[in-house]
Structure formats: C-alpha cells, structure tokens
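Numbering (my numbering), first residue to last: 1 to 193.
Using N, Cα and C, we set each Cβ at its ideal position, and we do this for glycine too.
Here is the structure we will look at.
If you want it as structure tokens, here you go:
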C-alpha cells in the first residue's frame, strides 16, 4: 500500500478516482483551490456539500435518545417487533435520500368529460361465454321433482283402501264426493262405469 503524504499527491489521487457527478458538484471549488493545501481544501468542500451538518448530527442524536427512552417503556414483545422496523426505516431513509424530492402531483379527471365506456370485443365475447356457460349449467341441473323420489310415502291404510277399489274422493268425502276416479267400487260411484 502506498503511503501518500504530500498534499499535491493526495489531491491528484482523489481527483483521479472522483466520480463525474461529484466533479460537477464541486467544480466551482476546483477553480479556486489553495496552492499550498489543495487536498485539505478539496476534502473540506466535498464534506461540506455531501456530508451532514453538525445540526443534522445533533438532531439525529436527539431522535435516537428520544426513541431509546420510548422503547425502554414499551413491553418487550412490542419492542422486539419494532426493532427490525427501525432498520427498515433507516434503509428506506437512505434510499429516499438518493432520489429527487420533487412532488409528483396527480390530477383527477372529470369522468363526465370523457366518452362513455364501451366494452372491447374481447370483453363482450367473454361475457357471452359466461352467459352460455350459465345456460348450460342450468340445463344440466337435475330437476328436483324428477330426480328425487317422493318424500311422502303412502300409508298402509291408503294402500289397503285403494286395493279395495275405492277412489280417494270417496274415501275422503264418502257419499258427498263430487268427483270420482274409475275404477271405483263405492256404491255412489255407479255413474263412472
């Protein structure tokens, strides 16, 4: 490793390795460098423009002290959850510091000014397919009356009565039945034959 001690050698070494965006940042300082301490002057200019000010460092210390006191008073389970979040927030701050801080404004548009929405050909075809699938599903559904056996079963007494040849109307209403189903053997059912 080289041990560079002279101001001019240090200055020349830094200038060779300095990125172009940093050169643009300190271009005004380069024209006014001191002859006897060029490296110190360059270092001071770079730190002043890119480094943090004493006020920023003091503010960070105060935030850390306040956060530390706050974390001490939290339950341990909560503090264990928040600790990794601090690391994430710090990373987010570093990323944010690298980007332009301009505001990206969003303008809401008036929907009434725009044309009425018309579905595309693909959307209409998809809706048509969905309708056809629903129709097929409905047609394939089993009919409840046709596919399920009757829940009501005939009682043995009805079966016996029907075996005797008396229709339901005469069994239910007797001589007052107005209807009759042939073949009925009830005495008042003579007109059915």
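For residue i, three-class secondary structure by DSSP
i, result
"residue 183", "coil"
"residue 5", "coil"
"residue 16", "helix"
"residue 67", "helix"
"residue 117", "coil"
"residue 11", "helix"
"residue 188", "helix"
"residue 211", "With the chain covering only 1 through 193, there is no way to say anything about residue 211."
Rounded straight-line distance, which links the Cα of residue j to that of residue i
i, j, result
"residue 66", "residue 98", "26 Å"
"residue 23", "residue 92", "27 Å"
"residue 166", "residue 178", "14 Å"
"residue 83", "residue 96", "20 Å"
Supposed contact pair residue j and residue i - C-beta distance, whole angstroms, cut 8 Å
i, j, result
"residue 29", "residue 9", "Not confirmed; about 19 Å, so no contact."
Inset, instruction - Spell out a yes or no on whether the region 39-51 and the region 13-22 are touching, meaning 3 or more CB-CB pairs, one atom from each, closer than 8 Å. - result: yes
Legend entry - Any 3 or more C-beta pairs closer than 8 Å across the region 73-85 and the region 44-62: no
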